[in-house]
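Just so you know, we're using our numbering here: the sequence shown kicks off at 51 and counts up by one.
Even glycine gets a Cβ: it sits at the ideal position worked out from N, Cα and C.
Worksheet: one structure, shown below.
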Amino acid sequence: MAKLEDLFRRFGDHSDLTMTFYYPKASHIKELNQIKYYDNKAVEDIQRLKNLTDLLEQYRTDLYKRAQQFLTSDYKMRLSLVREVQTWTNKKIYRIEVCKIYDVPNAKPETLISETFAGPERHKAFARFEELKKLYPNIETVKDTDKKFWEK
């Protein structure tokens, strides 16, 4: 029986599955030895597909376990206000995000709120930041609005 690691052996972090089957119509086969060949080939391909089905069932089990890690883990909330400079236009923007950070290995934070303000509307961004801080008490806050070293 194949193992789930075999599914990811070639690429490591992901798998690319492609199977191609070529079979002529039975009525177009003109020799008995070709009939035997295609019959054996069909048996082998059926077995390959059954093995792949087993691997994908194991994969679904792993996905379920991973989902359980997310659903049962602790998390913390983070509110951030970040000043960004768009390099191609040199325009400033202020991005506010409220994220849920899971205590799970290799987990990306889940963004719950994301708002963007243009540079001239920075006072609105700061006001919204303070409003969200009051809305989510005890939330971790990150405020990065200073000019970057390369802007000075």
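Residue j beta carbon less than 8 Å from that of residue i
| i | j | result |
| --- | --- | --- |
| Tyr-114 | Leu-57 | no |
| Arg-145 | Val-192 | no |
Pairwise C-alpha distance: residue j and residue i
| i | j | result |
| --- | --- | --- |
| Ile-143 | Val-132 | 8 Å |
| Arg-116 | Lys-53 | 18 Å |
| Thr-122 | Lys-91 | 47 Å |
| Lys-198 | Ala-168 | 17 Å |
| Glu-4 | Lys-100 | Since the first and last residues shown for the chain are 51 and 202, residue 4 lies out of range. |
| His-67 | Glu-171 | Before going further, note that residue 67 is Leu rather than His in the sequence given. In a straight line, the C-alpha of Leu-67 is about 49 Å away from that of Glu-171. |
| Tyr-73 | Asn-83 | 15 Å |
| Asp-194 | Glu-134 | 9 Å |
| Leu-102 | Met-69 | 10 Å |
Own chain partners of residue i with C-beta closer than 6 Å, once the 5 adjacent residues on each side are dropped
| i | result |
| --- | --- |
| Glu-181 | none |
| Ile-189 | Met-127, Leu-129 |
| Ile-79 | Ile-85 |
| Lys-158 | none |
| Leu-106 | none |
Bounding residues of the alpha helix (DSSP H) (the contiguous stretch that carries residue i)
| i | result |
| --- | --- |
| Phe-120 | 82-122 |
| Leu-57 | 54-57 |
| Glu-180 | 172-185 |
Assumed close pair residue i, residue j - CB separation to whole angstroms, cut-off 8 Å
| i | j | result |
| --- | --- | --- |
| Asp-95 | Phe-71 | 6 Å |
| Lys-150 | Tyr-125 | 5 Å |
| Tyr-152 | Phe-120 | 6 Å |
Same chain only: Cβ atoms within 7 Å of residue i, ignoring 5 sequence neighbours per side
| i | result |
| --- | --- |
| Arg-178 | Ile-146, Glu-165 |
Where the beta strand (DSSP E) containing residue i begins and where it ends
| i | result |
| --- | --- |
| Ala-168 | 160-168 |
| Ser-65 | Counting along the chain, Ser-65 falls outside any beta strand (DSSP E), and DSSP gives it neither H nor E. |
| Ile-151 | 141-152 |
| Lys-126 | 125-136 |
Residues near residue i by beta carbon distance below 8 Å, same chain, minus five either side
| i | result |
| --- | --- |
| Ser-65 | Leu-57, Phe-58 |
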